[in-house]
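Taken in order, the sequence shown gives residues 0 to 187; the numbers are from numbering that gives the first Met the number 0.
Below is one structure, written out as structure tokens; the observations come after it.
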Amino acid sequence: MEEHSIAKKIRELRTARNFSLERLAKLTSLTKGYLSRIENSAKPPPIYTLSKISTALGVDVSKLLSDEAISAEPLEITITRNAEHAVTDGRGTPYGYVYEAFAPKKLGKNMEPFLVTVSFEWRTDFQHEGEEFLYVLEGKLEFFFKDKSYILEKGDCAYFDSAFPHRGRSLGEVPAKIMIVIYSYKRL
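Here it is, written out as structure tokens:
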């Protein structure tokens, strides 16, 4: 592949997604000046840098390196069909939860929506920057936040600062299914 076409693909994808250099810089943790030099250079950046850029633009790094054309269609909306949800089986994880990503194709998002099936055992605490919203779709959930326990049932919800320790477990005979939306401050 001609090296200059990598820079051209990056610029085309960025502009098609209505990303300014500043927005791409925030999404990649690279400087605006460095990204501008990449877009105007005949030499490609290191693979690690290409990987960060490709992730922010919503394409696989191999697409930037190949001769294959990339759709520059803007991603203002993504539709994820039921069969396309990315499911992570929690049985082999220390958390024991099963996560189903609702919007796996949308890149550069500020929120991460999931359907979570919660185990019946207490597991490790979660703690991460940002905010989180959870809504109980079915079952009963014992939700622990900081040093207090809350019993949440179908239709109940919680909105909280996720920098504090939190965890949950299912109660009763049916595993609790909850919708979680995680908002990360870093992405802005």
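Just so you know, even glycine gets a beta-carbon here, dropped at the ideal spot from N, CA and C.
Close Cβ partners of residue i (< 6 Å) along its chain, the five nearest in sequence each way excluded
{"i": "G167", "result": "V117, L140 and F142"}
{"i": "F132", "result": "Y158 and V180"}
{"i": "M110", "result": "V180 and Y182"}
{"i": "E38", "result": "A6, I9 and R10"}
{"i": "L151", "result": "V135, L140 and F142"}
{"i": "L170", "result": "K139 and E141"}
{"i": "V173", "result": "G138"}
Pick from the options that is closest to residue i, judged by C-alpha positions
{"i": "P64", "options": "P44, R22, E131 and K153", "result": "For the record, residue 64 in the displayed sequence is Leu; it is not Pro. That would be P44, whose Cα lies nearest to the Cα of L64."}
{"i": "W121", "options": "L26, R10, M178 and S148", "result": "S148"}
{"i": "H127", "options": "L151, F113, S161 and A100", "result": "S161"}
{"i": "I177", "options": "F125, Y96 and D146", "result": "Y96"}
Beta-carbon gap between residue i and residue j smaller than 7 Å
{"i": "A55", "j": "L20", "result": "no"}
{"i": "S50", "j": "V58", "result": "no"}
{"i": "G138", "j": "A175", "result": "yes"}
{"i": "F113", "j": "A100", "result": "yes"}
{"i": "T30", "j": "I52", "result": "no"}
{"i": "T123", "j": "A102", "result": "no"}
Residues near residue i in its chain [Cβ-Cβ closer than 8 Å; skip 5 each side]
{"i": "C156", "result": "F132, L133, Y134 and V135"}
{"i": "S35", "result": "L20"}
{"i": "P93", "result": "Unreliable positioning characterises P93 in this predicted model, as indicated by a pLDDT of 48, which lies under 50. The coordinate reading is nonetheless provided below. Once the five neighbours on either side are set aside, the close Cβ partners of P93 are R122 and T123."}
{"i": "I46", "result": "V60"}
Sequence-distant residues of the same chain with beta carbon closer than 7 Å to residue i, five excluded per side
{"i": "F144", "result": "F159, F163 and H165"}
{"i": "G154", "result": "V135"}
{"i": "R13", "result": "L23 and L56"}
*Where are the alpha helix (DSSP H) runs, 4 residues long or more, that stay fully inside the region 135 to 186, in chain order?*
none
*At what residue ranges does the region 36 to 62 contain a whole run of the alpha helix (DSSP H), taking only runs of 4 or more?*
46 to 56
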